[in-house]
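Each residue of the sequence shown is one higher than the one before, counting from 23 in the working numbering.
Following: one structure in structure tokens, then a few remarks.
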Amino acid sequence: MAIKELDYYVLDMDGTVYLGDEVLPGARELIAFFEEAGIRYCFFTNNSSKSALDYTAKLKRLGIADNPHIITSGDVTADYILKTFGPSPRAYVVGTEPLVMQLTAAGIDCADTAFPDCVVVGFDTTYRFEKAARAVDLLRQDIPFIATNIDAVCPLEGGKVLPDCGSICAMLTHATGRKPKFIGKPFAETAGYIMRNAGRPAHNIGVVGDRLYTDMRLAIENGMCAIGVLSGEMTKDDIALSGLKPHYLFDSAAQLLEVLRET
Ligand SMILES: [Mg+2]
């Protein structure tokens with residue numbers, strides 16, 4: 023994998039371009055470089071609790087990008103549901119209002135009906151016992167079980183975390199014995215979605231991120247270039263202990279930009 027052969031970049035957000043409200047070193051300059059050089063890129067987040075518009079507003083507010091192309095795990099999940107269940111599918115959604123609106127806009131009926139085509143679980147920051155009870159009821163009837171992302175926790179500032187989609191699913195799995203089909207990073211559905219969007223083969227696409235088991239694994243297992251940054255979650259020790267070796271490893275986006283300017 024050679025970085026100079028890449029002509030499309032997939033950027034993670036939290037831990038890669040910002041951490042909470044703090045812009046990480048080189049993030050603004052990297053995006054400015056892509057814009058000036060005419061290099062195409064998108065931002066991809068596994069967080070399905072917010073809409074692309076929420077992220078656009080944040081990237082604008084932080085001065086990182088004016089008109090960013092944002093893809094969330096919710097987009098890939100909508101695409102997967104439409105491909106799997108055909109036109110006008112019905113889904114029971116355990117998710118936030120933005121996720122329900124996103125799936126509805128894609129043509130998925132999210133009303134709570136007696137026989138939905140699938141149960142979809144997202145990073146539901148509005149999770150309630152009633153939703154869990156209804157999901158368990160449907161999963162016990164063998165309705166397909168789909169989850170937007172596998173993350174166990176969502177990091178917050180100050181070292182705190184929130185239980186993420188993977189943890190909500192673990193509860194439903196414990197109650198029913200059913201395991202979800204996870205979409206989002208690092209899975210093949212997401213790699214395929216990115217390649218179709220980019221109009222590029224995998225070996226021309228670089229994935230820049232701070233998480234080993236989502237960002238780096240997405241790239242390594244799907245033939246893309248894995249560009250790790252140490253500005254967020256993963257450490258050199260984590261990499262040494264895992265079987266995943268990024269093709270490139272930088273302290274931050276600033277160091278990646280230095281290398282890109284030299285090539
Ligand atoms: Mg991240």
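Virtual Cβ for every residue (Gly too), placed ideally from N, Cα, C.
Since the structure is predicted, the reported quantities are computational estimates derived from the model, not experimental observations.
- In the three-state DSSP reduction, C132 falls in the coil class, being neither helix nor strand.
- About 16 Å separates the Cβ atoms of Y63 and L84, ruling out a contact at the 8 Å cut-off.
- Sequence-distant Cβ neighbours of T126 in its own chain, meaning closer than 7 Å and more than five residues away, are C132.
- Ranked by Cα distance from H91, the first of D76, L194, P111 is D76.
- Secondary-structure assignment with DSSP links T106 through no beta bridge to anything.
- DSSP, read as helix, strand or coil, puts L160 in helix.
- With fewer than 16 other Cβ atoms inside 10 Å of its own Cβ, G42 counts as exposed.
- Spanning the alpha carbons of T257 and R239 requires a straight line of approximately 15 Å.
- Inter-residue distance for I86 and R50 is about 5 Å (C-alpha atoms, whole angstroms).
- Beyond the five residues adjoining it in sequence on each side, P185 comes within less than 7 Å, by CB distance, of V175 in the same chain, given in chain order.
- Distances from the CB of G206 to the heavy atoms of ligand 1 are all 7 Å or more.
- Taken atom to atom, the span from the alpha-carbon of R162 to that of G199 is near 9 Å.
- In this structure, the C-beta of G37 approaches ligand 1 to less than 7 Å from one of its heavy atoms.
- Of the candidates G181, L160, F65, the residue whose Cα lies closest to the Cα of L81 is F65.
- Taking every protein chain shown into account, the CB of V281 has fewer than 16 other CB atoms within 10 angstroms, so this residue is exposed.
- Annotation for R239 indicates a beta carbon at 7 Å or more from all heavy atoms of ligand 1.
- Looking at the DSSP output, D29 sits in no beta bridge, so it has no partner there.
- Distances from the CB of E119 to the heavy atoms of ligand 1 are all 7 Å or more.
- Nearest to M246 by C-alpha distance, out of Y235, E255, I227, S253, is I227.
- Annotated as distal: I205 and L234, with beta-carbon spacing of 8 Å or more.
- Rounded to whole angstroms, the separation of the alpha carbons of I172 and D259 is 22 Å.
- Judged by DSSP in its simplified three-state form, V251 adopts strand.
- By the neighbour-count criterion, in which a residue is buried when 16 or more other Cβ atoms sit within 10 angstroms of its Cβ, N89 is exposed.
- Annotated as proximal: V116 and V143, with beta-carbon spacing under 8 Å.
- When DSSP states are grouped into helix, strand and coil, G228 belongs to the strand group.
- Relative to ligand 1, D43 has its C-beta separated by 7 Å or more from all heavy atoms.
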